[in-house]
Amino acid sequence: MHNYLKSIGFRDIDQEDLKILLTDVKAHPDYQNMTDDSGDVRMIEYRKEYAYNQGINISGSLDEIDGFVMDYYYPYLIGELVSSQEDVEIVMNSDREAYQGIIDDPKMGIDLVFYITDDLCLVRSDYQSGQFINHGGVRLSGLCEKGSVLLPLDESIRPVEDLETVTQRANLMKAAKSGDHEAIETLSIQDIDQYNEIGERISKEDIFTILSSYIMPKGIESDKYTILGDITECKKFMNEITHQMVYRMLIRVNGMMMTICINEKDLLGEPIVGRRFYGDLWLQGRIF
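Numbering follows my numbering, in which position 181 of the sequence shown is assigned residue number 181; successive positions increment by one, without gaps.
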């Protein structure tokens with residue numbers, strides 16, 4: 001059973017309930033599509049929403065004898081805002097026809113890997129043509145296993161990074177990746193200064209006071225992350241089948257906006273705009 005079903009309101013369901021649920025997706029989809037006959041295997045995709053912009057996707061193949069054969073399913077969440085306008089590299093999973101995107105966004109400091117939830121037919125076409133694609137931006141979203149709400153930082157100690165500072169660092173990182181030795185040296189000096197400052201503060205301050213926001217990989221799976229970010233919007237939705245409540249939040253992480261959702265029972269604390277969210281998530285994205 002998929003670990004993140006609970007994130008969209010299917011918490012504590014059993015295998016029999018899951019079978020009924022997947023049958024419902026296939027029988028009453030909000031969206032379905034099929035690849036043409038030019039591919040080796042004819043793929044079919046069904047998708048159904050169970051709350052606002054969140055639901056379950058089923059992908060499978062068409063067999064001449066058995067008909068539709070499900071290969072896999074996954075819960076999804078569609079992000080609301082454009083998170084990045086950097087180019088996206090498409091990579092196909094080794095064990096099934098599903099795709100991941102890789103964004104090299106200087107604001108993050110790392111390559112972000114996310115699970116692509118776009119139309120499978122379009123992604124397959126782009127992948128087979130070897131394209132780096134960017135149809136106006138990437139909307140990132142995250143399904144959260146668990147999370148906590150933290151109080152906001154005191155504005156007097158929150159690090160101030162204006163647009164000019166962020167842009168300068170992003171340009172330095174781009175130059176460093178292209179081999180600019182002066183940029184590499186400047187970034188190294190900045191990192192050393194930051195390391196020394198953290199070393200002085202860590203003995204007397206909490207780590208969540210020193211760090212205002214971050215995103216870092218979690219475990220060995222490339223699209224799983226731990227985040228700390230500011231809550232800029234929060235809404236509550238009810239799953240129409242289970243009647244479980246799900247929080248849907250817009251989070252600012254390192255200057256990048258992403259939409260996340262989490263089951264009410266898996267969240268510690270009350271999410272309010274201005275507070276911070278800390279938790280683990282599966283990063284998804286749609287390319288427009």
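By construction, the Cβ of each residue, glycine as well, lies at the ideal position given by its N, Cα and C atoms. Everything numeric in this text was worked out from a predicted model, so none of it was measured.
For glycine 285: DSSP bridge partner residues: In the sequence shown, residue 285 corresponds to position 285, counting from 1. Note: glycine 285 is bridge-paired with Ile116, Leu140 in the DSSP secondary-structure output.
Reference methionine 257, options Glu89, Ile215, Ser83, Tyr4, closest by Cα: Counting from 1 along the sequence shown, the entry for residue 257 is found at position 257. Selection Glu89, Ile215, Ser83, Tyr4 evaluated against methionine 257 yields Ser83 as nearest (Cα-Cα).
For phenylalanine 114, the nearest candidate out of Glu145, Gln244, Met108, Tyr99 (CA to CA): Looking up residue 114 in the sequence shown gives position 114. Its Cα nearest to that of phenylalanine 114, the residue Tyr99 stands out among Glu145, Gln244, Met108, Tyr99.
Integer Cβ distance of isoleucine 8 from alanine 51, believed to fall under 8 Å: For the purposes of this step, residue 8 is taken as residue 8 along the sequence shown, with counting starting at 1. For the purposes of this step, residue 51 is taken as residue 51 along the sequence shown, with counting starting at 1. Rounded to whole angstroms, the Cβ separation of isoleucine 8 and alanine 51 is 6 Å, and the two are in contact under 8 Å.
Is there contact between the stretch 209-222 and the stretch 17-32, where contact requires at least three CB pairs shorter than 8 Å? Contact between the stretch 209-222 and the stretch 17-32 is not established, with fewer than three Cβ pairs separated by less than 8 Å.
First and last residue of the uninterrupted beta strand (DSSP E) at leucine 250: Locating residue 250 in the sequence shown gives position 250, where the first residue counts as 1. Start and end: 245-253.
Look at the alpha carbon of glutamate 197 and the alpha carbon of leucine 172, and state the distance between them as a whole number of angstroms. Within the sequence shown, numbered from 1, the residue matching residue 197 stands at position 197. Within the sequence shown, numbered from 1, the residue matching residue 172 stands at position 172. Near 21 Å, if we compare the C-alpha coordinates of leucine 172 and glutamate 197.
Looking at the structure shown, is asparagine 291 part of a helix, part of a strand, or coil, going by DSSP? Lying before the first or after the last residue shown, residue 291 is absent from the chain, which here runs from 1 to 288.
Helix or strand or just coil, what does DSSP make of arginine 224? Counting from one through the sequence shown, the residue named residue 224 turns up at place 224. Per the sequence shown, the amino acid found at residue 224 is lysine instead of arginine. Collapsing the DSSP output to three states places lysine 224 in a strand.
At which residues does the beta strand (DSSP E) containing threonine 242 begin and terminate? Along the sequence shown, one-based indexing puts residue 242 at 242. That residue, threonine 242, is in no beta strand (DSSP E); it is neither H nor E in DSSP.
If you draw a straight line from the C-alpha of isoleucine 262 to the C-alpha of methionine 43, how long is it? On the sequence shown, position 262 is the one that residue 262 refers to. On the sequence shown, position 43 is the one that residue 43 refers to. Distance between the alpha carbons of isoleucine 262 and methionine 43 is about 30 Å.
Which residue marks the beginning of the beta strand (DSSP E) containing aspartate 17, and which one marks its end? Translated into positions along the sequence shown, residue 17 becomes position 17. Bounds of any beta strand (DSSP E) do not take in aspartate 17; it lies within the alpha helix (DSSP H) bounded by 15-27.
Assign aspartate 105 to one of two classes, buried (16 or more other C-beta atoms within 10 Å of its C-beta) or exposed (fewer than that). Walking along the sequence shown from the start, residue 105 turns up at place 105. With 16 or more other Cβ atoms within 10 Å, it is buried.
Label glutamine 194 either buried or exposed according to how many other C-beta atoms from any shown protein chain fall within 10 Å of its C-beta, with 16 as the threshold for buried. Taking the sequence shown and counting its residues from 1, the one referred to as residue 194 is at position 194. The residue is exposed, with fewer than 16 neighbouring Cβ atoms inside 10 Å.
Beta-carbon proximity of phenylalanine 277 to isoleucine 251, cut-off 8 Å: One-based indexing of the sequence shown puts residue 277 at position 277. One-based indexing of the sequence shown puts residue 251 at position 251. Yes, these two residues count as a Cβ contact at 8 Å.
Alpha carbon to alpha carbon, how far is tyrosine 76 from threonine 117? Your numbering for residue 76 matches position 76 in the sequence shown. Your numbering for residue 117 matches position 117 in the sequence shown. Rounded to the nearest angstrom, the two C-alpha atoms are 7 Å apart.
Label isoleucine 227 either buried or exposed according to how many other C-beta atoms from any shown protein chain fall within 10 Å of its C-beta, with 16 as the threshold for buried. Position 227 of the sequence shown, counted from the first residue, corresponds to residue 227. Its Cβ being crowded by 16 or more others within 10 Å, isoleucine 227 is buried.
Can you tell me whether DSSP reads aspartate 180 as helix, strand or coil? Walking along the sequence shown from the start, residue 180 turns up at place 180. Under the three-state reduction of DSSP output, aspartate 180 falls in the coil class, being neither helix nor strand.
In or out: isoleucine 231 buried (at least 16 other Cβ within 10 Å) or exposed? Within the sequence shown, numbered from 1, the residue matching residue 231 stands at position 231. Classified as buried, isoleucine 231 has 16 or more neighbouring CB atoms from the shown chains inside 10 Å of its CB.
Assuming methionine 108 contacts asparagine 254 under a Cβ cut-off of 8 Å, what Cβ separation, rounded to an integer in Å, is found between them? As a working mapping, residue 108 is identified with position 108 in the sequence shown. As a working mapping, residue 254 is identified with position 254 in the sequence shown. About 6 Å separates the Cβ atoms of methionine 108 and asparagine 254, confirming a contact at the 8 Å cut-off.
Backbone CA spacing between isoleucine 300 and isoleucine 110 [nearest angstrom]: The displayed coordinates of the chain run from 1 to 288. Any statement about residue 300 would go beyond what the structure contains.
Any idea which residues DSSP pairs cysteine 261 with across the strands? In the sequence shown, counting from the first residue as 1, residue 261 sits at position 261. Answer by DSSP bridge pairing, in chain order: Leu143, Arg248.
Does DSSP put aspartate 266 in a helix, in a strand, or in coil? Within the sequence shown, residue 266 is the residue found at index 266, counting from 1. Residue state for aspartate 266 is assigned as helix, using DSSP reduced to three classes.
Use the C-beta contact count for valine 273: other C-beta atoms within 10 angstroms, 16 or more gives buried, fewer gives exposed. Position 273 of the sequence shown holds residue 273. Classification of valine 273: exposed, given that the 10 Å Cβ count is below 16.
For phenylalanine 10, the residue or residues it bridges with in DSSP: Stepping through the sequence shown from its first residue, residue 10 is reached at position 10. Phenylalanine 10 has no beta-bridge partner at all, per DSSP.
Within a Cβ cutoff of 8 Å, which residues of the same chain sit near arginine 47, ignoring the five residues on either side of it in sequence? Looking up residue 47 in the sequence shown gives position 47. Apart from the 5 residues on each side of it in sequence, arginine 47 sits with its Cβ closer than 8 Å to the Cβ of Val25, Pro29, Asp30, Tyr31, Gln32, Gly55, Ile56, Asn57, Ile58, Tyr76 in its chain, given in chain order.
For aspartate 95, does the count of other Cβ atoms within 10 angstroms reach 16, so buried, or fall short, so exposed? As a working mapping, residue 95 is identified with position 95 in the sequence shown. With fewer than 16 other Cβ atoms inside 10 Å of its own Cβ, aspartate 95 counts as exposed.
Could you pull out every residue in the same chain whose Cβ sits closer than 7 Å to the Cβ of isoleucine 241, ignoring the five residues on either side in sequence? As a position in the sequence shown, residue 241 is number 241, starting the count at 1. Taking isoleucine 241 as the centre and dropping the five residues before and after it, the same chain places the C-beta of Tyr50 closer than 7 Å to its C-beta, in chain order.
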